[in-house]
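Peer 1: Below you'll find the structure I mean.
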Amino acid sequence: MHSHHSHSGDYVSHATDNLESIIDKAESMGFTHYCLTEHMPRLHDKFLYPEEIEKNYTSKDLESNFDRYVQHAVSIQQEKNSKNQSSPTTKIIVGLEVEGLNSEHIDYTSKLLEKYHPHINMTVGSVHYVNEIPIDFSPDLWIEARDSLPDKTSRSLFLQYFELQYEVLSKLKPTVVGHFDLIRLFEPSNEVDPTTGKLMKDISLEQDWPDVWELVVRNIKFVESYGGLFELNSAAIRKGWSSPYPKQDVSEAIVEFGGGRFCLSDDSHSIAQVGLNYHKVWEYIKFVLKLTSIYHLDINENGETIVAKVSVSELDKSPFWKQYI
Numbered sequence: 043m044h045s046h047h048s049h050s051g052d053y054v055s056h057a058t059d060n061l062e063s064i065i066d067k068a069e070s071m072g073f074t075h076y077c078l079t080e081h082m083p084r085l086h087d088k089f090l091y092p093e094e095i096e097k098n099y100t101s102k103d104l105e106s107n108f109d110r111y112v113q114h115a116v117s118i119q120q121e122k123n124s125k126n127q128s129s130p131t132t133k134i135i136v137g138l139e140v141e142g143l144n145s146e147h148i149d150y151t152s153k154l155l156e157k158y159h160p161h162i163n164m165t166v167g168s169v170h171y172v173n174e175i176p177i178d179f180s181p182d183l184w185i186e187a188r189d190s191l192p193d194k195t196s197r198s199l200f201l202q203y204f205e206l207q208y209e210v211l212s213k214l215k216p217t218v219v220g221h222f223d224l225i226r227l228f229e230p231s232n233e234v235d236p237t238t239g240k241l242m243k244d245i246s247l248e249q250d251w252p253d254v255w256e257l258v259v260r261n262i263k264f265v266e267s268y269g270g271l272f273e274l275n276s277a278a279i280r281k282g283w284s285s286p287y288p289k290q291d292v293s294e295a296i297v298e299f300g301g302g303r304f305c306l307s308d309d310s311h312s313i314a315q316v317g318l319n320y321h322k323v324w325e326y327i328k329f330v331l332k333l334t335s336i337y338h339l340d341i342n343e344n345g346e347t348i349v350a351k352v353s354v355s356e357l358d359k360s361p362f363w364k365q366y367i
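Quick note on my numbering: the sequence shown kicks off at 43 and runs consecutively.
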């Protein structure tokens, strides 16, 4: 079993539990591959989160914290992935989560990857902000981001989100696309969309917002063109969704336009969230999307990151699933 997106309380203030304990939990559950993907530093104090401000952090603290993370993660990787291990262990893949906050941060990611080469094996390409305002922190901030745009519509917010996502994709070509449709997390479902007269919960991106859908398909096709993976991220379920990110319409578009190159992620922020709701994601894979294959990252003998493919029927037989019964 595999996860391509995780965090620890050692290096992320809104997470809990230390890095070793997160990895120990993954190993005890039977994960064969586990990616460590702490957030890249944000460059300015104005982007600090409340929990970071409480710690009297500055952006410089985020930078030094990230440096400690890379050193720590690489040391764990060298221990766990050693050929001298006497028993099978979880293979550790060291990565970072891109913060597609704005062009400055996207360009800064390139410098980070150069600085830490070859220790960073993969990237998760994410967008958590629109117009430099967080869109997945709270419903109020989602509304604030929307209202910061000229026409103050959700449709425009979606357009800006997918345009910024494309900038992340085109400049960085992230190995894994993080929570593709995160913009939907706090959308006000019972508000009326003024551009269609429909409730937000009844909006079909493809039929009602074709301009948004065009960007979704464009982004998917671009990821397919460079061989990236799309995560099915179980964190959406613990946040109230009935499915992982992305929702069914986008997931089906990824099958149609992106080759269906899905990988699995728990996006854990604590021990309790490692592998959480994976069985529900697996049901989504088998019975909703009806996928035949799942992809995952691996490290070959030369230390290079490669993409592996396993059939759903084969993975379905894994003893991993017995712990969810």
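No residue lacks a Cβ here, since even glycine has one placed at the ideal position from N, Cα and C. None of the values given here were measured: they were computed from a predicted structure.
#1: Starting from the N-terminal side, write out each stretch of the alpha helix (DSSP H) that is 4 residues or longer and does not extend beyond the region 125 to 184.
#2: For G220, count the other beta carbons within 10 Å of its own beta carbon; 16 or more makes it buried, fewer makes it exposed. Which is it?
#3: For Y337, name the three-state secondary structure that DSSP assigns.
#4: Please list, in chain order, all residues of the same chain as T100 whose beta carbon is under 8 Å from its beta carbon, the five residues on each side excluded.
#5: Do the CB positions of F222 and V172 come within less than 7 Å of each other?
#6: Could you tell me if S48 is buried or exposed, where buried requires 16 or more neighbouring beta carbons within 10 angstroms of its beta carbon?
#7: Is the region 304 to 314 touching the region 94 to 110 in the sense that three or more CB pairs, one from each, lie closer than 8 Å?
#8: Could you check how far apart the C-beta atoms of E340 and A350 are, in whole angstroms? I think they sit under 8 Å.
#9: Report yes if the CB atom of I279 is closer than 7 Å to the CB atom of N319, and no otherwise.
#10: For G317, tell me which candidate among Y326, L306, E325 has the shortest Cα-Cα distance.
#11: Residue ranges of each beta strand (DSSP E) run of no fewer than 3 residues wholly in the region 293 to 331, ordered along the chain?
#12: Determine the closest residue to Y224 out of V234, F179, K243, G239, with distance taken between C-alpha atoms.
#13: Buried or exposed: where does G142 fall if 16 or more other Cβ atoms within 10 Å of its Cβ makes it buried?
#14: Whose C-beta lies closer than 8 Å to the C-beta of N342 among residues of the same chain, with five residues either side of it excluded?
#15: Straight-line CA distance for E186 to E174?
#16: Note the first and the last residue of the continuous beta strand (DSSP E) segment covering H81.
#17: Take every Cβ of the region 223 to 242, pair it with every Cβ of the region 52 to 71, and state whether three or more of those distances are shorter than 8 Å.
#18: Between which two residues does the beta strand (DSSP E) holding A25 run?
#19: Three-state secondary structure (DSSP) at H56?
#20: Spell out a yes or no on whether the region 181 to 197 and the region 148 to 155 are touching, meaning 3 or more CB-CB pairs, one atom from each, closer than 8 Å.
#21: Apart from the five residues on each side of it in sequence, which residues of its chain come closer than 7 Å, Cβ to Cβ, to V210?
#22: Between the alpha carbons of Q315 and I65, how many angstroms are there, rounded?
#23: Buried or exposed, going by whether 16 or more other CB atoms sit within 10 Å of the CB of P361?
#24: Can you give the Cα-Cα distance for A277 and P286, rounded to whole angstroms?
#25: Going by beta carbon distance, what residues of the same chain come within less than 7 Å of G301, once the five residues before and after it are set aside?
#26: Using 10 angstroms around the beta-carbon of K157, count the other beta-carbons present and answer buried if the total reaches 16, otherwise exposed.
#27: Mind checking which residues open and close the beta strand (DSSP E) that includes N123?
#28: Report the rounded CA-to-CA distance for D370 versus D103, giving the unit in angstroms.
#29: Starting from V219, follow its DSSP beta bridges and name the residues at the other end.
#30: If you draw a straight line from the C-alpha of L155 to the C-alpha of H338, how long is it?
#31: Going by C-alpha distance, which of W324, E298, P176, K240 is nearest L274?
#32: Under DSSP, the alpha helix (DSSP H) around R197 begins and ends at which residues?
Peer 2: To lay it out plainly:
#1: Entirely contained in the region 125 to 184, the alpha helix (DSSP H) runs reaching 4 residues are, in chain order, 145 to 157.
#2: The residue is buried, with at least 16 neighbouring Cβ atoms inside 10 Å.
#3: In the three-state scheme derived from DSSP, where H, G and I count as helix and E and B as strand, Y337 is classed as strand.
#4: Once the five neighbours on either side are set aside, the close Cβ partners of T100 are D87, L90.
#5: When the beta-carbon positions are compared, F222 and V172 stay at least 7 Å from each other.
#6: S48 is buried by the Cβ-count criterion.
#7: Three or more Cβ pairs closer than 8 Å define a contact, and the region 94 to 110 falls short of that threshold against the region 304 to 314.
#8: Reading off the sequence shown, one finds Asp at residue 340, where the question assumed Glu. Indeed they touch by this definition, with Cβ atoms about 5 Å apart.
#9: Yes; because the gap between Cβ atoms is below 7 Å, this pair is in contact.
#10: Ranking the options by Cα distance to G317, first place goes to L306.
#11: As far as the region 293 to 331 is concerned, its whole beta strand (DSSP E) runs of at least 3 residues are 304 to 307.
#12: Residue identity differs from the one stated: residue 224 is Leu in this sequence, not Tyr. Ranked by how close their Cα comes to the Cα of L224, the residues V234, F179, K243, G239 have F179 in first place.
#13: G142 should be labelled buried.
#14: Answer for N342: I348, listed in chain order.
#15: Taking the straight line joining both Cα atoms gives about 11 Å.
#16: Judged by DSSP secondary structure, H81 falls within the beta strand (DSSP E) whose first and last residues are 75 to 81.
#17: Touching, no.
#18: Nothing in the structure corresponds to residue 25, since the chain is present only between 43 and 367.
#19: For H56, the three-state secondary structure derived from DSSP is coil.
#20: Counting Cβ pairs under 8 Å, fewer than three are found: no touch.
#21: The beta carbon of V210 lies closer than 7 Å to those of V140, G142, I148, G167, V169, P216 in the same chain, with the five residues before and after it left out.
#22: Each residue's alpha carbon lies about 12 Å from the other.
#23: By the neighbour-count rule (16 or more Cβ atoms within 10 Å), P361 is not buried but exposed.
#24: Computed Cα separation, rounded: 7 Å.
#25: Hits under 7 Å: E266.
#26: Exposed: under 16 other Cβ atoms inside 10 Å.
#27: Per DSSP, N123 lies in no beta strand (DSSP E) and is assigned neither H nor E.
#28: Examination of residue 370 is not possible in this model, given that the chain is present from 43 through 367 alone.
#29: Answer is G167, F272.
#30: About 21 Å.
#31: Closest option to L274, Cα to Cα, is W324.
#32: Its alpha helix (DSSP H) spans residues 196 to 214.
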